[in-house]
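J.: Can you read through this structure? Questions will come right after.
There are 2 protein chains.
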Amino acid sequence: MTPDRPLLLNAFAMNCVGHINHGLWTHPRDRTADYTDIDHWTGVVRTLERGLFDGLFLADIVGAYDVYQGSLDITLRESIQLPLNDPIPLVGALLPATRHLGFGITVNLTYEHPYLLARRFATLDHLSRGRVGWNIVTGYLDSAARAMGLPAQPEHDGRYDMADEFMSVAYQLWESSWDADAVIRDRAARVYTRPEAVRPVRHHGEHYRVEGVSLWEPSPQRTPVLYQAGSSGRGQRFAARHAECVFISGQSRDGARALVRGLREQAVREGRRAEDIKIFMGASVVVAPTDALAQEKLREYIHHASPEAGLAHFASGTGIDFSRYGMDEPVAPPGTGRAGQGDAMQSAVKLVTGGPRPRTRRELLAEMALGGRYALITGSPQRVADEMIQWARDTGIDGFNLARTVVPECYDDFVDWVVPELQQRGAFKTAYAEGTLREKLFGEGPLLPARHPSRSIKANP
Amino acid sequence: MTPDRPLLLNAFAMNCVGHINHGLWTHPRDRTADYTDIDHWTGVVRTLERGLFDGLFLADIVGAYDVYQGSLDITLRESIQLPLNDPIPLVGALLPATRHLGFGITVNLTYEHPYLLARRFATLDHLSRGRVGWNIVTGYLDSAARAMGLPAQPEHDGRYDMADEFMSVAYQLWESSWDADAVIRDRAARVYTRPEAVRPVRHHGEHYRVEGVSLWEPSPQRTPVLYQAGSSGRGQRFAARHAECVFISGQSRDGARALVRGLREQAVREGRRAEDIKIFMGASVVVAPTDALAQEKLREYIHHASPEAGLAHFASGTGIDFSRYGMDEPVAPPGTGRAGQGDAMQSAVKLVTGGPRPRTRRELLAEMALGGRYALITGSPQRVADEMIQWARDTGIDGFNLARTVVPECYDDFVDWVVPELQQRGAFKTAYAEGTLREKLFGEGPLLPARHPSRSIKANP
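Chains as they are written, first to last, in this note's numbering: chain A, 1 to 461; chain B, 462 to 922.
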C-alpha cells in the first residue's frame, strides 16, 4: 500500500484518567491514574518524540457529564473525564523534556478574555520556541454554563459569532500590535523595544472591548497553530475560515470523505488553499506482532473496558439519557435544534440515528467497548499500517489523532511496531523537520500565510 | 548577630526583562533578556534550590505603565515590565528542574473566574506535589481596566469586597467539594472516586455564581499557600483574614515594625495566631568578598541602571507624572482618595510625601538608581548577613523577597557568599524540610489550619 503523502500523527490525550476508551484505567498495566505525576507524562512525550509524532493533542472540557442516569455517579466511579486538570500547566511542564513535539491545547474561549488568553498562548509559544497550537472550542455542556454562573449555554450559532469576534481581537493582539522589528535589545543605545513600532489594539465589538498594546513581544509563530473540531454547518464555516488543523471523529468512510471535501472546498472559497487545512481523524489502534496476538490483546483490553462508561460519556455528547431505554429498545432520535446543542453533539446524534435504523442500547454498548466514536484499527503492524494508509486514500484525511488505550504501552507498541512499517511504505517521515510546529506541518514559514483570513481582519471594527 | 529565628528567603522576579532594578538589562553580564528561554530560568531555579531558597516569587501585572510623560515610550525603551509574559506556563516549565523550591504566583483575580482559576492552581499544586502559592492581587492600573474593556478600575474598597467573595467561592471549591477519602482508585471494584464523597458547590453571590462540583481531585495542599501584599487599611484587613505570607515594601524600620505588628494583631483578632502570617520584606542585595569590592560592584551596577526608568515605574505606582516637575522642584502630594487607587499606590504616595518634606525630582531619581522602593543592602557577606538579621530583629519580619539585580550573578553571589554566613549564625536552614510548601513554611500539616477563616466560610451564602 503506497500513500498519497506522508501521514501526520497526533497522540490524543487529556489531563485526566478516563478520556475516550473508558474503563482501561483498571487494566493492571495502565498508568493513566498517574496523570498528576510529571514523570509519567515525561515518559509519554519522550516516547512520542522517539516515534516522531507531530503533536500531543490535549482535550479539555469545562463541566461534567451528568446526563446518564441524571447524575455524576458513573462519571465519578469510572473517572469519565472527571477529575480533570488544566492542560496548560501540564504543557509547560513537558516542554523541557521535548524539542520537536508540538502541543495542541484545547481551551474553551467562552469563559476567557482574549487579552489574557492571547498572552497565555504567546508565553507558551515563546517557551516552546514555537511548538504550540490552540484547539478552539466553544463548549456544549449545560453543566459548564451552570458552573460558570450562567443559566444555560448560549445558543449554538451565537457561540460561533462570539468566537469569530474573539478571533478577530486575538489576531490583532498577536499579529499587529508589535512590528517584527520592534524589539532590538540594543544595550549600548539602551533600547529594548522601539516605541514607534508598537501600537495599541482598539477593539469595541459586540462581545469584547480591548484597548491597549499587547503585553508580549512577538513569539516565534505569533498566532499559535489553530485547531478546530467543528462538524456542524456553522462549525465547518468557522473551521474553513480559521483552522489550520481540523479534528474529525471516525465515522463511515463516505461520511469522512464528504466532510473532508466540504472543508477543503469551503477553505478555497475563503481564499485559502485546499491543503491549508490538515485534517486528522480520531482512531484507536491495538497492535501486536501478529494479527492473532493483536486480537488477543484487544480481547484483554475489552475485558477491562467499561462500555457503560462509554455510553455515559456519549449520553452527554448527544443529550440522550440511554439508561432510560431497555436493552433491546431502539434509541429514538432526540429532538433537534435544541439550544446549547454543540457540534460534537450533533454529529454524535447523527451516528446514533443515521444508520439504516436507530440502534438499540445493547448495540450501542457493544460499540462503546473500545473505540467508541472513533475508528478502531487492530492487527499486526503491517495490517495497521495498511489500514491507516487506506483510510487516508479513501477519505483524503492528512493523518490521525490516536486515542490512548492502555498507557504507556499503547505508545510504545505504536512507536516500536507501526511507525517503522509506515516509514518503510514512505507513509511517515524519518526525521523531524527543523523549525516551529507550523513550519513542520506546512513547510512554509513560522507565521500564518498572507492568504489566511486573519491577515485581512480589519482593526477597529 | 544572632537571629530570633531562621530567616525565610524568596527570590522576587517576574517573567519579563526589567522588574524592580531598572536598566540593568544593559549590563554586559546580565541575561534577563533571555526571559523567554527555559534554560535561562532553569539555571536560576537550580541556583536557588542549591541555596535552599524557600521560593521563587513571581510578580505579574495586567496593563502597562503609561503615566510618566503620558506615554509608553520609556516603558518600552527600557522594558519596564513590558514585554511581560504569563507566569503560569513558566512555573510549569520549572517544576521538573526543582524538587523543594516553592513558587508564589501573582494572579489578579479581577479578571478571572474562580471556577477556572481554582482549577489552574490545583493543577499546579498536583504537578508540583504541593509547592505553589497564589499571590492574590486586585490590580491598580487603569491601563489594565481599559485593556480588559472596562472604562476604569473598580474603586479600591469595592475590589476588596469582590476579592472576599472570590475567596469564599475558591475555598469552597478547594476545600469542601471533594472529601479527603473520595478518591480510592480501586481497580478491582472499578471505583476511582466514591460519588457519595463529592458534592457540588452552590454559590449565588453578588459578584459570582457557581454551581457544580470541583473538576479536580484534592491536591496536596488543596488551597495553595496564600500570599498578599495589601498595605492600605482595607488591604491589611484582607491580608489578616486570608494571607499566610505577606509581602511588604522596604521602608523605614519604624514603618515596617508598625506594619508587621498591625498585621499580626489583626490576624489574632481574626482567630489566627500571630505567627500564622509570615512577613517578607522587599530588599536588594549587592554582595562581594569585601565591603570595598561590594561598593565597587554597586557603582558598576549603578552605572548601567536607569533611574529615570525607576521613576517612570514609580509614576504608575503613585499616579504622579514626575516628568512634569523641575529637577529641583518638590513633588507635591497628589490628590487622595482617587478611585482606582491601589495599595501599592497608597504606600508609594506615602513614601514620596511622608518624609519631613516632599522630595524633589532630583532626590527621587537618586533613590531610584538601585533599590528603589526596597531596602538596599550592600557589603561583604558578613555585613549583609548581619544587616539582614538586624532588619528582622528591628521589625519582626520573617524574611526577605530579594529583588534581582544583574542576573544570574546576583543569585550565585548570594548563594555562594551570604547563605553560608546566615547558616553560620543560625539564621538560615541547612537543609530543606520534607513536604509541601505550607509544611516547609509553617511546620504543621499540608492543609490550611482549622483556625484559618476559610474553614468557617459558610457554603451557599
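Yeah, the Cβ is synthetic: ideal placement off N, Cα and C, and Gly gets one too. Just so we're clear, the structure is a prediction, and the values are computed from it rather than from any experiment.
Quick check on residue 546(B) - is its C-beta less than 8 Å from some C-beta in chain A?
T.: Closer than 8 Å to some Cβ of chain A, the Cβ of residue 546(B) qualifies, so yes.
J.: Report yes or no: do the segment 567 to 575 of chain B and the segment 91 to 109 of chain A share at least 3 C-beta pairs separated by less than 8 Å?
T.: Touching, no, given that fewer than three Cβ pairs across the two stretches are closer than 8 Å.
J.: Could you check what DSSP says for residue 514(B) in three-state terms: helix, strand or coil?
T.: It is coil, neither helix nor strand.
J.: Is residue 77(A) buried or exposed, if buried means 16 or more other CB atoms sit within 10 Å of its CB?
T.: Under this definition residue 77(A) is a buried residue.
J.: Going by C-alpha to C-alpha distance, which of 392(A), 318(A), 177(A) sits closest to residue 215(A)?
T.: Answer by Cα proximity: 177(A).
J.: Grouping DSSP H, G and I as helix and E and B as strand, with all else coil, what is residue 339(A)?
T.: Since pLDDT at residue 339(A) reaches only 37, below the 50 mark, its modelled position is unreliable, and the value read off the structure follows with that caveat. Correct three-state label for residue 339(A): coil.
J.: Please check if any C-beta of chain B sits within less than 8 Å of the C-beta of residue 317(A).
T.: Chain B contact via Cβ: absent.
J.: Flag residue 446(A) as yes if its beta-carbon sits less than 8 Å from any beta-carbon of chain B, otherwise no.
T.: Output row for residue 446(A): interface = no.
J.: Interface residues of chain B around residue 64(A) at Cβ under 9 Å?
T.: Chain B residues near residue 64(A): 673, 674, 676.
J.: Does the CB of residue 683(B) have a neighbour CB from chain C at under 8 Å?
T.: The displayed structure is made up of protein chains A and B, and chain C is not among them.
J.: Using DSSP with H/G/I as helix, E/B as strand and the rest coil, what is residue 474(B)?
T.: Three-state DSSP puts residue 474(B) in a strand.
J.: Just the Cα atoms here: how many angstroms apart are residue 56(A) and residue 404(A)?
T.: Taking the straight line from one Cα to the other gives about 11 Å.
J.: With H, G and I counted as helix, E and B as strand and the rest as coil, what does DSSP make of residue 230(A)?
T.: In the structure shown, residue 230(A) sits in coil (DSSP, three-state: anything other than H, G, I, E or B).
J.: If we cut at 8 Å on Cβ distances, does residue 38(A) have a partner in chain B?
T.: Closer than 8 Å: yes.
J.: Any idea if residue 557(B) is buried or exposed, counting beta-carbon neighbours within 10 angstroms, 16 or more meaning buried?
T.: So residue 557(B) counts as buried.
J.: Can you tell which of 223(A), 419(A), 311(A), 266(A) has the C-alpha that lies nearest to the C-alpha of residue 450(A)?
T.: Here the closest residue by C-alpha is 223(A).
J.: For a test of the three-state rule: what should DSSP assign to residue 867(B), helix, strand or coil?
T.: Of the three classes helix, strand and coil, the one that applies to residue 867(B) here is coil, per DSSP.
J.: Can you give me, in chain order, the residues of the segment 620 to 644 of chain B that have a beta carbon less than 9 Å from any beta carbon in chain A?
T.: The residues in question are 639, 643, 644.
J.: Quick one: what does DSSP say residue 854(B) is sitting in, helix, strand or coil?
T.: Three-state result, residue 854(B): helix.
J.: Using DSSP with H/G/I as helix, E/B as strand and the rest coil, what is residue 448(A)?
T.: Three-state result, residue 448(A): coil.
J.: Could you run through the segment 593 to 608 of chain B and flag, in chain order, every residue whose CB is less than 7 Å away from some CB of chain A?
T.: Correct list: 604, 607, 608.
J.: When you compare the CB of residue 270(A) with every CB in chain B, is at least one pair closer than 8 Å?
T.: By this cut-off, residue 270(A) is not an interface position.
J.: Could you please give the first and the last residue of the uninterrupted beta strand (DSSP E) stretch that includes residue 284(A)?
T.: That run of the beta strand (DSSP E) goes 278 to 287.
J.: Excluding five sequence neighbours on each side, which residues of the same chain lie with their C-beta closer than 6 Å to the C-beta of residue 546(B)?
T.: Within the same chain, residue 546(B) has close Cβ partners 476.
J.: So residue 90(A) contacts chain B; which residues on that side make the cut at Cβ distance below 8 Å?
T.: The answer, in chain order, is 553, 584, 588.
J.: Buried or exposed: where does residue 236(A) fall if 16 or more other Cβ atoms within 10 Å of its Cβ makes it buried?
T.: When all chains shown are included, residue 236(A) counts as buried.
J.: Output needed for residue 299(A): all residues of its chain with C-beta closer than 7 Å, excluding positions within five of it in sequence on either side, in chain order.
T.: Same-chain partners within the cutoff: there are none.
J.: Closer than 7 Å between beta carbons: that is the criterion. Which residues of the segment 560 to 574 of chain B meet it against chain A?
T.: Flagged, chain order: 572, 574.
J.: Compute the Euclidean distance between the alpha carbons of residue 245(A) and residue 5(A), then round it to the nearest angstrom.
T.: Cα-Cα distance, rounded: 16 Å.
J.: Starting from residue 211(A), follow the beta strand (DSSP E) in both directions and report where the run begins and ends.
T.: First-last of the beta strand (DSSP E) with residue 211(A): 209 to 212.
J.: Tell me whether residue 528(B) sits in a helix, a strand or coil according to DSSP, three-state version.
T.: Coil.
J.: Nearest-angstrom Cα distance between residue 819(B) and residue 40(A)?
T.: Approximately 59 Å between the Cα atoms of the pair.
J.: Would you mind working out which of 482(B), 468(B), 472(B) sits nearest residue 834(B), comparing C-alpha positions?
T.: Taking only the C-alpha atoms, the option nearest residue 834(B) is 482(B).
J.: Inspect the beta-carbon positions of residue 241(A) and residue 453(A) and report whether they are closer than 8 Å.
T.: A contact, by the Cβ cut-off of 8 Å.
J.: Check whether chain A comes within 8 Å of residue 495(B), counting only Cβ atoms and requiring the distance to be less than that.
T.: With 8 Å as the cut-off, residue 495(B) does not count as an interface residue toward chain A.
J.: Jot down the residue ranges of each uninterrupted beta strand (DSSP E) in the segment 822 to 848 of chain B, minimum 3 residues, whole runs only, in chain order.
T.: Fully enclosed beta strand (DSSP E) runs of 3 or longer: 836 to 840.
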